[in-house]
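Since the structure comes first, as structure tokens, the remarks are kept for the end.
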Amino acid sequence: MSALPRLENAGMDAWLVRLFDHIDERNMGWITALVRACEQAFGPRLIDLIPSYTTVLVQFDALILDHAEARRLLADILARLRPDQDEGEVPIKELPVWYHPSVGPDMARLEQSTGLDATRLIALHSEHTYRVFALGFAPGFAFMGSVPPALELPRLDTPRRRVPAGSVAIAGRQTSAYPQASPGGWNLLGRTSARLFDPASEALSLLQVGDRVRFTPVGKAEFERLGGDTTPMEER
Numbered sequence: 017m018s019a020l021p022r023l024e025n026a027g028m029d030a031w032l033v034r035l036f037d038h039i040d041e042r043n044m045g046w047i048t049a050l051v052r053a054c055e056q057a058f059g060p061r062l063i064d065l066i067p068s069y070t071t072v073l074v075q076f077d078a079l080i081l082d083h084a085e086a087r088r089l090l091a092d093i094l095a096r097l098r099p100d101q102d103e104g105e106v107p108i109k110e111l112p113v114w115y116h117p118s119v120g121p122d123m124a125r126l127e128q129s130t131g132l133d134a135t136r137l138i139a140l141h142s143e144h145t146y147r148v149f150a151l152g153f154a155p156g157f158a159f160m161g162s163v164p165p166a167l168e169l170p171r172l173d174t175p176r177r178r179v180p181a182g183s184v185a186i187a188g189r190q191t192s193a194y195p196q197a198s199p200g201g202w203n204l205l206g207r208t209s210a211r212l213f214d215p216a217s218e219a220l221s222l223l224q225v226g227d228r229v230r231f232t233p234v235g236k237a238e239f240e241r242l243g244g245d246t247t248p249m250e251e252r
């Protein structure tokens, strides 16, 4: 395999740009810079950009830009690419979360696994600032990392048939919140009142790749004031 970064053929109208071979929060400055550079360089010839942990898929209009020319364009971008602004300059998006066993039934499992009490676990999860590595699984579902090692917990052996919208969860070294009710196998710690996916908005997803995110603990009354759903899991 050739050295990184590397351009990989992804079809007649796409190239996969592989920037890294490992997941690291420090990758994000390069990923977001590449996305921005492609938007500027390809202009109307660009169909879609799909950034992820270590790669960016670049899809272009093959009717007005041939495959070889797209490759040359990407090679030129990579030759001049510099990472985006320092992490500390990226604004933090805060998601209010009600951490409670009635909406976070896996908190007890995490307590048993780590030996830490709920107060400490909530502090660990909410004090850390996360980066959005990728969007997927469901519209608006943001894969964020990396959770503190003490919170690392594998997915459930048997996924739930229905996880309520807004459920805040962890799996491995990742954390997220479910934008809509859906099946899911992540460990549920609480629930956010934030609207994570809005089909009527231009951005669609509240969170975007490269965003910095922090979960902010709130009490039940504040959660309800913000429009949060406090219906316990067992009543669903």
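The C-terminal position of the sequence shown is numbered 252 in the working numbering, with every residue numbered one higher than the one before it.
A virtual CB, placed ideally from N, CA and C, is assigned to each residue, including glycine.
Quantities reported herein were computed from a predicted structural model and do not represent experimental measurements.
- request: State the DSSP-derived secondary structure class of D245, mapped to helix, strand or coil.
  value: Taking the first residue of the sequence shown as 1, we reach residue 245 at position 229. In the displayed model, D245 falls within coil according to three-state DSSP, outside both helix and strand.
query: Taking Cβ to Cβ, would you say A57 is nearer than 7 Å to L97?
result: Taking the first residue of the sequence shown as position 1, residue 57 is located at position 41. Taking the first residue of the sequence shown as position 1, residue 97 is located at position 81. No; because the gap between Cβ atoms is not below 7 Å, this pair is not in contact.
task: Return the Cβ separation of L73 and L32 in integer angstroms, given the expectation that the two are a contact with Cβ distance under 8 Å.
output: In the sequence shown, residue 73 corresponds to position 57, counting from 1. In the sequence shown, residue 32 corresponds to position 16, counting from 1. Right, their Cβ atoms sit about 5 Å apart.
query: Going by other Cβ atoms of all chains shown within 10 Å of its Cβ, with 16 needed for buried, is G182 buried or exposed?
result: Position 166 of the sequence shown holds residue 182. Buried, because 16 or more other Cβ atoms sit within 10 Å of the Cβ of G182.
task: Return yes when the C-beta of G59 is under 6 Å from any heavy atom of the ligand FAD, and no when it is not.
output: The model on display carries no ligand, and the ligand FAD is accordingly not part of it.
task: Give every residue of the same chain whose Cβ lies closer than 6 Å to the Cβ of K109, excluding the five residues on either side of it in the sequence, and list them in chain order.
output: On the sequence shown, residue 109 is found 93 positions in, with the first residue counted as 1. Excluding sequence positions up to five before and after K109, its CB lies within less than 6 Å of the CB of D227, V229, all in the same chain and listed in chain order.
message: Helix, strand or coil, according to DSSP, for V163 in the structure here?
response: The residue labelled residue 163 in the question sits at position 147 within the sequence shown. Residue state, collapsed to three classes: coil.
query: Once you ignore the five residues that flank P67 on each side, which residues in its own chain have a CB closer than 6 Å to its CB?
result: Here residue 67 refers to the residue found at position 51 when the sequence shown is read from its first residue. Answer for P67: I47, V51, V225, listed in chain order.
field: Contacting residues, own chain, Cβ-Cβ under 8 Å from I93 (five flanking each side not counted)
entry: Mapped onto the sequence shown, residue 93 falls at position 77. Within the same chain, I93 has close Cβ partners L50, A53, C54, A57.
- prompt: Straight-line CA distance for D133 to D214?
  reply: Here residue 133 corresponds to residue number 117 of the sequence shown, with the count starting at 1. Here residue 214 corresponds to residue number 198 of the sequence shown, with the count starting at 1. Their backbone Cα atoms lie some 35 Å apart in a straight line.
- request: Please report how far the alpha carbon of F239 lies from the alpha carbon of Q128, in whole angstroms.
  value: The count along the sequence shown starts at 1 and reaches residue 239 at position 223. The count along the sequence shown starts at 1 and reaches residue 128 at position 112. A direct Cα-Cα distance of roughly 27 Å separates F239 from Q128.
- prompt: DSSP state of D46, grouped into three classes?
  reply: Stepping through the sequence shown from its first residue, residue 46 is reached at position 30. Note that residue 46 corresponds to Trp in the displayed sequence, not to Asp. If DSSP states are grouped into helix, strand and coil, W46 belongs with the helices.
query: What number of angstroms, rounded off, separates the C-alpha of R147 from the C-alpha of T130?
result: As a first step, residue 147 is located in the sequence shown; it is residue number 131 there, counting from the start. As a first step, residue 130 is located in the sequence shown; it is residue number 114 there, counting from the start. About 24 Å.
Stretch pair the region 183 to 201 + the region 80 to 95: three plus CB contacts closer than 8 Å: Per the Cβ contact rule, the region 183 to 201 is not in contact with the region 80 to 95 (fewer than 3 Cβ pairs under 8 Å).
- prompt: Since S198 and P155 are thought to touch, with beta carbons under 8 Å apart, how far apart are those beta carbons, to the nearest angstrom?
  reply: Against the sequence shown, residue 198 aligns to sequence position 182. Against the sequence shown, residue 155 aligns to sequence position 139. With 8 Å as the limit, S198 and P155 do not qualify as a contact, their Cβ atoms being about 10 Å apart.
L111 beta carbon less than 7 Å from that of D208: Here residue 208 refers to the residue found at position 192 when the sequence shown is read from its first residue. Here residue 111 refers to the residue found at position 95 when the sequence shown is read from its first residue. Going by the sequence as given, residue 208 is Thr instead of Asp. Closer than 7 Å, so yes.
query: Where G235 and W114 are concerned, what is the direct C-alpha to C-alpha distance, given to the nearest angstrom?
result: Within the sequence shown, residue 235 is the residue found at index 219, counting from 1. Within the sequence shown, residue 114 is the residue found at index 98, counting from 1. Using only the alpha carbons, I get a separation of about 6 Å.
field: Option nearest A91 by Cα separation, candidates A210, E24, R176
entry: The count along the sequence shown starts at 1 and reaches residue 91 at position 75. Considering only alpha carbons, the answer is E24.
- prompt: Helix or strand or just coil, what does DSSP make of D214?
  reply: To locate residue 214, count along the sequence shown from 1; it is residue 198. Coil, per DSSP.
field: Rounded straight-line distance, which links the Cα of F76 to that of T70
entry: Your numbering for residue 70 matches position 54 in the sequence shown. Your numbering for residue 76 matches position 60 in the sequence shown. Here the C-alpha atom of T70 lies approximately 20 Å from the C-alpha atom of F76.
message: Just verifying my parser: in three-state terms, what is the DSSP assignment at A84?
response: Position 68 of the sequence shown, counting from 1, holds the residue named residue 84. Note: A84 maps to helix in three-state DSSP.
message: Excluding the 5 residues flanking L140 on each side, which residues of the same chain have their C-beta closer than 7 Å to its C-beta?
response: Working through the sequence shown from its first residue, we reach residue 140 at position 124. Excluding sequence neighbours, L140 sits near P164, A166, L167.
message: Using CA atoms only, rank isn't needed, just tell me which of I63, A19, F36, P121 is closest to G206.
response: Residue numbering aside, residue 206 sits at position 190 when the sequence shown is read from its first letter. Closest by alpha carbon: P121.
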